[in-house]
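Those protein sequence lines, which keep their order, are chains A and B.
Here the first sequence is numbered in my numbering, starting from 107 and rising by one per residue.
Here the second sequence is numbered in my numbering, starting from 107 and rising by one per residue.
Just so you know, even glycine gets a beta-carbon here, dropped at the ideal spot from N, CA and C.
Protein chains: 2
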Amino acid sequence: MKTTSRKAEIIAEASQLFKEKGYSAVTVRDIAHAMGIKAASLYNHIEGKQEILSILILDLAKEFIEGMEDILKLKNSPLQKIEKLIELHIDITVNQSEALAALNNDWMHMAEGDVAQFVAMREAYEENFRNIIKEGISLGQLQPRHPEVILFSILSTLRTLYLWYQKRGKLDVNVLKRDMVAVLLRGIV
Amino acid sequence: MKTTSRKAEIIAEASQLFKEKGYSAVTVRDIAHAMGIKAASLYNHIEGKQEILSILILDLAKEFIEGMEDILKLKNSPLQKIEKLIELHIDITVNQSEALAALNNDWMHMAEGDVAQFVAMREAYEENFRNIIKEGISLGQLQPRHPEVILFSILSTLRTLYLWYQKRGKLDVNVLKRDMVAVLLRGIV
DNA sequence: AAATCAAACTAACAAACGTTAGTTTTGTTC
DNA sequence: GAACAAAACTAACGTTTGTTAGTTTGATTT
């Protein structure tokens, strides 16, 4: 019983390297060396370097889209939905931090069609998030700040959490969720 | 009267390309083409590709360090200092957004010594910021959240502002400062 | 024992990379 | 108009890049 295919192992190894140096600075020989094999052997499992990147990014993007869909289905208030979204990002960060680096920094190095697909997904996600914020403002649940400023400040914190979660990694996930929700929603003053 | 040296022009052009694709994906031929000259001609002005990156990043890092020093000199409360720091980041973002991309994403591609210098500067900056936050908490000016969570949520928002400022660029800088300070300090609820 | 198959290997490719050397152009100063 | 310096050029270099082709290894199945 092999639980992880060889291809999945390659993708996992590559994602770690991509996180450290970025997609363009990692060579297929780097990836092969990390696996303990020769570069040419990789091509028994993958179509090419770009395929690794696309799988990494598009699979992760789908996770965000699905998470958003689940949250939209709930009959919660805008504020509760935002809380759920923060928890969604934290959960994904905790067990996908390498792929998050690629999604954030290297999406433009995918093949043309994949880039278009990714950008569309990201825009849809942000639009859903923005609508939740607008609804929260018009219901009087949120402060009447520029919705774009709110969206951006929350998203940029959540998107780069992966850079920081490892260092202070001993932090309990539930403590992190609680404090992050508190800071992002209720501020620090 | 030439206001900008040829070298400065090259660095400016390169920084735009670095922002779009990252340092490693930009070739010296790309930079030369953007200048309307041949790649070899660049070497009349620069020592090499890495020099461009180091100038971009270390000069900008020094701006942050100096801004921090100025703020520390003031006899303000921790809360007021944090406000000043937010404004510092916004000011730098508004007229250095390309260099910020390199500083955030490509610092690890500098020469070894420069990386060490940069990391030391960044750590010193963060330590100063952290101490202001801790002081604010012990004075009762800030909520007693984990200082690291506060530091990270503010810094990650400010550090990636460059990605977002252009798109909605019509936003007045003063409006941005006001709303950003409000959101980061007092939250959105 | 023969056949099969996944997964490694060696060897090589054409293209792109950063960089160097030497030369020519261009505009300014004596 | 001769001299000079800045800044461009052409041509080439040795490496590294992603990738392909064909072969060998080693375990599993027939």
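query                                                                                                                  : result
Pairwise C-alpha distance: L185 (chain A) and D278 (chain A)                                                           : 24 angstroms
Cβ-based burial, T199 (chain B) [other Cβ within 10 Å; buried from 16]                                                 : buried
Whole-angstrom C-beta distance between L148 (chain B) and V295 (chain A), which should lie under 8 angstroms           : 50 angstroms between Cβ atoms; not a contact.
Within chain A, the residues that I251 (chain B) reaches when beta carbons sit closer than 8 angstroms                 : Position check: residue 251 (chain B) holds Arg in this sequence, whereas Ile was assumed. Within 8 angstroms Cβ-Cβ: D285, A288, V289 and I294.
Secondary structure of Y149 (chain B), DSSP reduced to three states                                                    : coil
A205 (chain B) at chain A interface by Cβ criterion, 9 angstroms                                                       : no
Residue environment, V255 (chain B), which counts as buried when at least 16 other CB atoms sit within 10 Å            : buried
Nearest-angstrom Cα separation, counted from M286 (chain B) out to D197 (chain A)                                      : 26 angstroms
Best match in A:E233, A:E189, A:N201 and A:F224 for proximity to L290 (chain A) [C-alpha to C-alpha]                   : A:E189
Endpoints, alpha helix (DSSP H) assigned at Y231 (chain A)                                                             : E218 to S244
Beta-carbon proximity of S130 (chain B) to A217 (chain B), cut-off 9 angstroms                                         : no
W213 (chain B) at chain A interface by Cβ criterion, 9 angstroms                                                       : no
Residue span of the alpha helix (DSSP H) that contains W270 (chain A), given as start and end                          : Y268 to Y271
Buried versus exposed call for S111 (chain A) [16 or more other C-beta atoms within 10 Å across all chains shown]      : exposed
C-beta atoms of T266 (chain B) and R274 (chain A) nearer than 9 angstroms                                              : no
Alpha helix (DSSP H) segments (min. 4 residues) lying fully within the stretch 128-191 of chain B                      : 134-141, 145-148 and 155-179
Three or more C-beta pairs below 8 angstroms linking the stretch 152-171 of chain B and the stretch 202-216 of chain B : yes
Best match in A:N280, A:A288 and A:W270 for proximity to E204 (chain A) [C-alpha to C-alpha]                           : A:W270
Chain A contacts from the stretch 183-196 of chain B (Cβ-Cβ distance under 9 angstroms)                                : L185 and I188
Positions along the stretch 258-270 of chain A whose CB lies within less than 7 angstroms of some CB in chain B        : F258, S259, S262, T263, T266 and W270
Rounded separation between I137 (chain B) and K125 (chain B) - CA only                                                 : 12 angstroms
Range covered by the alpha helix (DSSP H) that runs through D285 (chain B)                                             : V279 to R292
Simplified DSSP assignment, three categories, for L123 (chain B)                                                       : helix
Where G142 (chain B) falls, given that 16 or more other Cβ within 10 Å makes a residue buried                          : exposed
Beta carbon proximity, A131 (chain B) to chain A, threshold 9 angstroms                                                : yes
Residues from the stretch 213-237 of chain A in contact with chain B, defined by Cβ distance under 9 angstroms         : M214 and H215
Alpha-carbon to alpha-carbon, M227 (chain A) and I177 (chain A)                                                        : 16 angstroms
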